[in-house]
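Letter 659 of the sequence shown, counting from 1, is numbered 660 in the working numbering, and no numbers are missing. Glycine is no exception: its CB is placed at the ideal position from the N, C-alpha and C atoms. Computed from a predicted structure; not experimentally measured. For reference, the structure is listed below as C-alpha cells.
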Amino acid sequence: MKKNKLKMRGGVFRAIVIPIMTVFVVFAIALTTITNYFTPSLDSFLGKGSKAYITPSGTKDWNASYYDFAASNSEEALNNSAKIAEQVGNEGEVLLKNDGTLPLTKDTPVTPMGYDYINPVMSGSGSGSTNTSSDYAYTAERGITEAFSNVNTTFVDAMKKVETITTAPAAASGDGGQTAFLGAGLNLEEYDFSKLDSVAESCKDTVGIVFLGRASGEGGDLYTLEYDDGTPHQLAVTKAERAMLDYAKANCKGVVVVLNTTNTMQVTELQDDKDINAIMQIATPGAMGFKSLGKILNGSVNPSARTVDTFISNLTKQPTFVNFNNGTGNTVYENTEYTRDIWLAKFKGGAQFQAPFREYEEGVYMGYRWYETASDVGYFDSTNLPEGESDSYYNRDNGVVYPFGYGLSYTTYDQQIVKYDDSGDTIKVSVKVTNTGDVAGKDVVQLYYAAPYTQFDVDNKIEKPTANLIAFGKTAEIEPGKSDTVELSFTKEDMASYCYTHDNGNGTTGSYVLENGDYTISLRSNSHDVIETKTTNIAETIWYNGEEGDIRQSEQDAQSKLNDDGTSTGTPAKAEEDADATYVAASNQFDNANTYMTDPSVGNDVTILSRQTWNTTQPSTPTDETRQASDQVKEWLDYGYTTMNLGNGEWDEENDPVLGNNENSKVYVSEEDAPASNQKNGLTLSNMRGLSYYDSKWDDLLDQLDYNDEQINSALFYNGYASGKLDSVGKPATSEHDGPQGLALNDNNGNSWVNACSFPSETTMAQTFNVELAEAMGEAVGEENYYIDGGGWYAPAVNLHWSAFSGRNYEYYSEDPLISGKMAANVIAGAGSKGTYCAFKHFAMVDQEEQRWWIPSVWATEQTIREIYLKPFEIGVKEAMKTIKYISDDNGTVSTKTMRAADCMMTSGWAGIGGLYSGYSYNLLTSVLRDEWGFQGFVITDYDQGNGANDDIAVNRMVRAGVDQHMIDKTLSPGNYTSTDTATGKMALRRAVKNTLYTMANSAQTNNLVPGAKMYYRMSPWRIGVVAVDVVIALGVALGVIAMVKRTKNEKEHPEHYKAKKSK
C-alpha cells in the first residue's frame, strides 16, 4: 500500500513563510510611507480624487458658480484652445520676403525639403515644452499635405531614406543636456542632398519649400562659436543646409524658405539671394502653427504678423554679443569660489564654482533701440550694401536685415494720422488704415517716440534712444478699398526717463523725470521707416519723486484702493490698514549695480554706452581685469551666496541689516507685537473671496494659524508643481502647471503628464501685435486649467530677447519691453477671468541660460534695469485686471468686483541684480514689487533655490525678503521654515500665508464655495491603488498567520503526518 506523502514540518514552513510575509509587510509600509511623503507630487502628476464640499446650513440655494465657461469639460476646452492657437498662428507667422511667388494656390505642385520638415521644432525643451503628439496636432507634413493637393511625395519618401549630415561644434559636445532642463542639443542635422540626384527630376515645375530649424531649451543657450564645417555659430546657415538650398534652386521653379526657430537666424544670404523667392518666420508653432503655415502659403490666410526682434546681418556684431557667456569662462570672476550643492551640481562638475556675471554695457540701447540710434547718430559707415540699397542702416557688416516691427502682406495699406490730441495728460492718436490692394487683410499700427536729448541728460547720466515703441494696435480685417481706424493712447509720463543720479531731497536718490522740450511722435511701418510725425511739447521738466512734483499717475493708480468697477479711489490701499499710509515714488533700489557700472574701483574695466560718446563707449569684451572681482564685489557676493554653511559661512539671521531680528532691519517686529495664533474664529478661505487685501477679517483668519504646524511647510515650501493643504485656514491642496506655450507638466525626460493645447511660442503671439488675441489665449488656457484641476499656471514669461543666442527666447515675447508687457497683461487678465492665477516670470533679468545654476550677478544702471528689464513686469502688474463674482452678504447676493489680475509672481532663481539672488532681494520683492507697483498676491521662487538639500536657512531668508512659496518637490529634501521663535519670523511667515490665501481666495480654488464652505478631495485614484495593495498584503499576511496557526495545531495533533526533524 502506497504511503501518504509527509508534510513539511512546521519549523521549516514558518522559516519560509515568515520572511516572505515580512518582505510584503515591509513593502506595504514603505509604499505607504513613501506615497504619503510624496502625496503633493503624486496628486499633481497622477491626479487627485474628485472634489467634495461641506456647505453651511441655510445656503443650499445660493449660487456660488463664480465663473462662466465656454466649455463643459476638458476635451471641449482643449478644442477651443486649438482654435485660438490656430488664430495665433494665422496672425503671428511673419512673411519676411516675397518677390510675388507667394501666395501659391492649393493646386501648386510643391516639394517640401529638409530635416526640419520631417523633424520640426514644435516647442522648446524644459518648462516651455508642450505635448504635440495628440491627434489634433499638426506636424509640418500634415500642414503642407492638407494645404496642397500636389505634394511631391516621391522626393519626400526618398529624402527620408538618405543619411543625415551632422554639423557639430568644433570645440564642444553637441549633445543635449543630461535632463530636459539642461538645454537642447547643439548638433545641426540635415539630409545629404548629394544622394538625391535620382529624384531631382520630380522637383521640376514645383515650388521647393525648404525648412530650416533651430531647437532651443531651458538650461542651455545656442552655440556662439564655430562649427566643424566652418559655420560661424548655431544661428548661421550650415554647409549642408546651403547644399539643400542649392539643390532646391537648381531643381525647383521657385524656392520658399521657412524659418522654424524662435531665435532670429543670420539670414543675410537668404534675403540677398534672388533665387530665393520668399521667406517665412514661424518661430516654434506648437500644435496648430503648421496648419497656419499651409494656409498662408496657399493664400487662404493673408499674413499680418510683424517681427518682434531685429534681424541682424552679422549676429557676432550684436551689441550684447561681447558680454554673452559663451561657456569658455569669459564671464566669471576668476578670483572667487563658492559652493551650491543643488541637484543640478551633479551634472555640472560638482558644487564648487567661480561666480559668473553678466554686464549690460549697452544700457537702454538694446535691440532696435541700438540700431535706430546708431543710424540716427551716423554710426554706420559701411558701404557693403545689398543691391539697390543706399541706407547704411542695412549694411551687411553690422547693420540690419529686417527691422523690428517689419512684415509683409499679400496686399498694401495706407496709414495716416487723422486725429492727434495732446491737450491733456494723455496723448490720443487716431490712425486711419486703408487697404489699397486687392486682398482682404489686417494691418499693424505702430507709434514710436523720441525724447529730447540735451546737456541736461548728459549732466544727469540719462540715456535716450531715438526710437521707442510707445503704442500699437491691429486693425480688424479690411476689405480692399475699405478703411479701419485704430485708436491709440498713451500718457505723457510714459515717455519719462529714469535718472539714477538725482538727489530727491528726502533721503532717497533716483527718480523718473519728464524733461521739458519737444517729443517727436512718429507713425512707422516698422522701427525704421517713418510714415508721419507729430510733435508734443512739454513746457516744464517734471520730477516724479513726490517732492519736486507728484509721483507718476501709474504708481498712484497701482497703489490705490480700487472701486468695485476697478477705478482708483484716489487713496492708498494701505490706508485701510494704516491711516498714515502715503503713496510711494520710485527711487533707487539697486545701488550696488549703479556703483559697479559707474565706479571703476568696483566694476573693473566696465563701459556704459552713451549717446553723447557713441563711437567710443560701445560694449566691450570682458578682459582679464574684468574677471577679477574687486574687494567690494566679493563682499557683495559673499553676502549674496550665504545661506547654510557650506564653507562660505552661515547667514546671520540675528544681525542682517535688512532682514534680521534687530530693530534696524526692514522686517523687524517687536515681541510685544507678535501675531496671535491658534485662535478659533470660525473662518475659512471661502470667507475671504472678494474682500480687500487690507480687510481686518484677514487678521481674524490668520490668527487661526499654528506657526509650528507642519502643514505650513507642505502648503508653502514643498511646492514643485503642487502645494499641500493647510486645514487651519481652509487652504486646499493645489496642482500647478507650466508653461509659456500652454499647460504642461514635464518630467526630466521631457515627457508631459497633461493633455492640453500646445500654443505657438510667446514670440509668435507677440508677432500678432494683437492684445485681444492674447487675452483670448489666457481665457482658453484658464478653462483648460480648470478642467484638469489646475490652480496656477507658470506663465507668461516676460524676460527679454537680450541675445539671439539665449536658450529660452521661445518662452519670451520679444526684445521690446512694451509689447512684452502688454501681451502678458492681457494673457494674465484672460486667465484670471477664468480662475487661473498666473506665475508671471522670471522676476527679473534672466536673459541667458549658461551657468544660471550658479546665480549670475547682473550689472546694469538702474535706468537700464527699470526702463528695459523691469518694464514688462511693471506693465503686467499695473494693467492686468479681472472681474470676479463673489457673495457679498448674508443673503447670498452675488456681486462683482474688478480687481488686479497679476496676483502671482515667480522670482528668478537664475540671476541676481547687483550680486544678490532675487529671492533674497527685499528691494526687488518688497520695495519695488509691493510698495511701488502695489502688487497683492504671492511670490514663488523658480525651482530649487537653496544651497542644497535641507537648507532651512535659505527658506527663512527668502520669506523675510518677500518670497511666499518655495518651488521644490520632496524628492530633493527641501528646507523647512524654522524661524518661528521670534515675532519677526512669525510675522514674515504670516505674510507669506496671507499672500498665498489672497490669491487663491480670488481664484477658481473657491469656485462653488459659499462663504464658510470647505472643499476637500476624495481619495486619489492612485491612493486607492495603494490602499488596495495594502489590503491585499494584509489579507495575505492574515491568511499566512492563520495557516501557520492551523498547521502548528495540526502538527501537534498528528505528528505522524509531518516529516521528523533530522537528528544531528
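In this structure, DSSP gives D342 an extended state, which the three-state scheme calls strand. Within the stretch 790 to 865, the runs of beta strand (DSSP E) that reach at least 3 residues and sit entirely inside it are, in chain order, 841 to 844, 858 to 860.
Note on geometry: alpha-carbon atoms of I1034 and R15 lie some 17 Å from one another. Exclusion of the five residues before and after K318 leaves N399 as the residues of its chain whose Cβ lies within less than 6 Å of its Cβ. Per the DSSP secondary-structure output, V257 pairs in a beta bridge with I210, A279. If you look at P20, you'll find it in the alpha helix (DSSP H) that goes 11 to 38. For Y944, the enclosing beta strand (DSSP E) covers residues 939 to 944.
Here F457 is not bridged, per DSSP, to any residue. Here D422 is not near K433, since their CB atoms are 8 Å or more apart. For Y118, the enclosing alpha helix (DSSP H) starts and ends at 116 to 119. The residues W63, A65, T894, V895, V1011, P1012, in chain order, have a CB closer than 7 Å to that of I888 in the same chain once the five nearest residues on each side in sequence are set aside. Only residues of its own chain outside the window of five on either side were considered, and among them A279, L409 have a CB closer than 6 Å to the CB of N99, listed in chain order. Annotation for Y454: K465, R612 place their beta carbon closer than 7 Å to its own, counting only its chain and skipping 5 residues before and after. Judged by DSSP in its simplified three-state form, Y788 adopts helix. Between the stretch 943 to 959 and the stretch 975 to 982 there are three or more inter-stretch CB-CB distances shorter than 8 Å, so the stretches are counted as touching. Taking C-beta atoms as the reference points, T979 and T942 fail to come closer than 8 Å.
The three-state secondary structure of R992, taken from DSSP, is helix. The beta carbon of R215 sits closer than 6 Å to the beta carbons of T262, N264 from its chain, once the five residues preceding and following it are set aside; these are given in chain order. Annotation: G442 to R961 spans about 53 Å, alpha carbon to alpha carbon. Distances from the CA of V200 to each of Y224, N153, A171, L213 were compared; the closest alpha carbon is that of N153. Counting only residues of its own chain and dropping the five nearest sequence neighbours on each side, Q966 has a CB closer than 8 Å to the CB of L717, F718, N720, S724, F939, V940, I941, T942, A993, T997. With distances taken between CA atoms, L692 lies nearest to K995 out of N469, R243, K995, D739. DSSP places I969 in the coil class of the three-state scheme, outside both helix and strand. Nearest in C-alpha terms to Q619, of all of E363, W860, F841, L260, is E363. Straight across, the Cα-Cα distance linking Y339 with V333 is about 12 Å. In this structure, the straight-line span from the alpha carbon of A78 to that of Y787 is close to 9 Å.
Within the stretch 854 to 923, complete alpha helix (DSSP H) segments of at least 4 residues are found at 872 to 880, given in chain order.
Comparing alpha-carbon positions, the option among V256, S588, T897, D891 lying closest to H503 turns out to be S588.
According to the DSSP assignment, T617 belongs to no alpha helix (DSSP H), since it is labelled neither H nor E.
Taken through DSSP and simplified to helix, strand or coil, G474 comes out as strand. Taking a contact as a CB-CB distance under 8 Å, the pair A903 and A881 counts as one, their CB atoms being some 4 Å apart. By alpha-carbon distance to T112, the top candidate from T168, A29, L246 is L246.
Secondary structure at C500: strand, using DSSP grouped into helix, strand and coil. Annotation note: the stretch 684 to 748 contains the following uninterrupted beta strand (DSSP E) runs of length 3 or greater, listed N- to C-terminal: 735 to 738. Close CB contacts of V772 within its chain, under the 6 Å cut and outside five residues either way in sequence, are with K823, N827 (chain order). The residues L298, N299, G300, Y411, in chain order, have a CB closer than 7 Å to that of P104 in the same chain once the five nearest residues on each side in sequence are set aside.
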